[in-house]
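There are 2 protein chains.
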Amino acid sequence: MAKQTKHTQPDLTALERLRAVGLRPTRQRLALARLLFAQGHRHVSAEDLFKEAMAHRIDVSLATIYNALHDFTAKGLLRALSIDSMGSYFDTNTSEHHHFFFEHSGRLEDIRKDKVRISSVPPAPKGAEISRVDVVIRVKG
Amino acid sequence: MAKQTKHTQPDLTALERLRAVGLRPTRQRLALARLLFAQGHRHVSAEDLFKEAMAHRIDVSLATIYNALHDFTAKGLLRALSIDSMGSYFDTNTSEHHHFFFEHSGRLEDIRKDKVRISSVPPAPKGAEISRVDVVIRVKG
DNA sequence: CCTAAATTTAGAATTATTCTAGACTGCTTG
DNA sequence: CAAGCAGTCTAGAATAATTCTAAATTTAGG
Chain Y
15 MAKQTKHTQP DLTALERLRA VGLRPTRQRL ALARLLFAQG HRHVSAEDLF
65 KEAMAHRIDV SLATIYNALH DFTAKGLLRA LSIDSMGSYF DTNTSEHHHF
115 FFEHSGRLED IRKDKVRISS VPPAPKGAEI SRVDVVIRVK G
Chain G
15 MAKQTKHTQP DLTALERLRA VGLRPTRQRL ALARLLFAQG HRHVSAEDLF
65 KEAMAHRIDV SLATIYNALH DFTAKGLLRA LSIDSMGSYF DTNTSEHHHF
115 FFEHSGRLED IRKDKVRISS VPPAPKGAEI SRVDVVIRVK G
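Line by line, the protein sequences give chains Y and G.
Count the first sequence with this note's numbering and you get residues 15 to 155, in order.
Count the second sequence with this note's numbering and you get residues 15 to 155, in order.
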């Protein structure tokens, strides 16, 4: 129970996480980071996080939620997802992985990278470089 | 030049397409279908199509553009895409295929199905059924 | 033609997100 | 530790994409 990959560091405190990426550990960023990374991996929208913060009596504005989500994403603490229209989601799992998307509920579920084998992809168009391959398995039912 | 798959029927008129899926061929649906399916496969936003219609002196409201895009999608004439946040796109290619997504420009490019080989996917969660597997290859540069 | 049901439309309303400008705060320095 | 500045936070206005509403129009059928 000591092994950690580059992308899974459950033991880091919110403060350590912010310091590690060079984000100033302000009161609100610390509080939000604690909410986001306390539990296992999650997919949250700005509104979700805002409500959660309110429930925890954390006084933070919606604008700050957006700022923090974007800052965290820019620094690699989160990964932005946009699978269905209307609304972005942020994934606390920044490691390489894929998703199930439940069409009726809009819910997302992680799929471990090794569960999907992509044995061939086309070469990147000239001048371009592949930055990521995202697989979304849409399910109904 | 006679072969056609279920999903590629370049010779159909707009009228035939609408009739085939049971949509009433109104003046505006016909005009929009002509714009959408005249040329090769495309990725258009509501705003794109609206501007294109205006350029062609087609008098249609933006609300109707949205209605038509959604109706066409529901009937399988289009496929909805949402890869980056802000803005949905509609793909005139409804056959099984994937996409390149150019991160800096936001442009999409189709990838033929056979160019991507997915040799294993996880089983659908119990009670669910896989409806589609979407692969997006994000490229930068 | 006449009617009923479907469609279109202008404009208001919603929703998600970003922007603005001023107030506040964390960090560095003296 | 006080001072100051850059970075951050916030309320509220502003934008942008999309949906809704209710009325006017059009299509399909007899």
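A virtual CB, placed ideally from N, CA and C, is assigned to each residue, including glycine.
Predicted model only: the values in this text are computed from it and were never measured.
Beta-carbon proximity of residue i to residue j, cut-off 9 angstroms
{"i": "A82 (chain G)", "j": "Q42 (chain G)", "result": "yes"}
{"i": "I79 (chain Y)", "j": "L92 (chain Y)", "result": "no"}
{"i": "F115 (chain Y)", "j": "S59 (chain Y)", "result": "no"}
{"i": "E143 (chain G)", "j": "V153 (chain Y)", "result": "yes"}
{"i": "I151 (chain Y)", "j": "V147 (chain G)", "result": "yes"}
{"i": "H70 (chain G)", "j": "A45 (chain G)", "result": "yes"}
{"i": "E123 (chain G)", "j": "P137 (chain Y)", "result": "no"}
Distance, residue j Cα to residue i Cα
{"i": "S133 (chain Y)", "j": "S134 (chain G)", "result": "9 angstroms"}
{"i": "G36 (chain G)", "j": "R48 (chain Y)", "result": "53 angstroms"}
{"i": "A88 (chain Y)", "j": "D98 (chain G)", "result": "15 angstroms"}
{"i": "T108 (chain Y)", "j": "F51 (chain Y)", "result": "12 angstroms"}
{"i": "R190 (chain G)", "j": "V74 (chain G)", "result": "Missing from the structure shown is residue 190 (chain G); chain G here goes from 15 to 155 and no further."}
{"i": "S145 (chain Y)", "j": "T27 (chain G)", "result": "40 angstroms"}
{"i": "I130 (chain Y)", "j": "E117 (chain G)", "result": "Checking the displayed sequence, the identity of residue 130 (chain Y) turns out to be Val instead of Ile. Going from the Cα of V130 (chain Y) to the Cα of E117 (chain G) covers about 23 angstroms."}
{"i": "G155 (chain G)", "j": "S119 (chain Y)", "result": "35 angstroms"}
{"i": "H21 (chain Y)", "j": "L76 (chain G)", "result": "Confidence at H21 (chain Y) is low in this model, with a pLDDT of 48, below 50, so its placement is unreliable and no value can be given for it."}
{"i": "S102 (chain Y)", "j": "A67 (chain G)", "result": "30 angstroms"}
{"i": "D128 (chain Y)", "j": "R33 (chain G)", "result": "45 angstroms"}
{"i": "G90 (chain G)", "j": "F86 (chain Y)", "result": "38 angstroms"}
{"i": "M100 (chain G)", "j": "K65 (chain Y)", "result": "22 angstroms"}
{"i": "E61 (chain Y)", "j": "T40 (chain Y)", "result": "20 angstroms"}
{"i": "T106 (chain Y)", "j": "R121 (chain G)", "result": "27 angstroms"}
{"i": "G141 (chain Y)", "j": "I72 (chain G)", "result": "38 angstroms"}
Whole-number beta carbon distance between residue j and residue i, since they are thought to touch under 8 angstroms
{"i": "R126 (chain Y)", "j": "H111 (chain Y)", "result": "6 angstroms"}
{"i": "H57 (chain Y)", "j": "L95 (chain Y)", "result": "7 angstroms"}
Beta-bridge pairing of residue i - partner residues as DSSP gives them
{"i": "E123 (chain G)", "result": "G:F114"}
{"i": "D105 (chain G)", "result": "G:H57 and G:R93"}
{"i": "K129 (chain Y)", "result": "Note: K129 (chain Y) sits in no beta bridge, so no partner."}
{"i": "V147 (chain G)", "result": "Y:I151"}
{"i": "S134 (chain G)", "result": "Y:R131"}
> Could you give the uninterrupted runs of the beta strand (DSSP E) lying entirely in the region 19-93 of chain G, keeping only those of 3 residues or more?
Replying inline: If you keep only unbroken beta strand (DSSP E) runs of at least 3 residues inside the region 19-93 of chain G, you get nothing at all.
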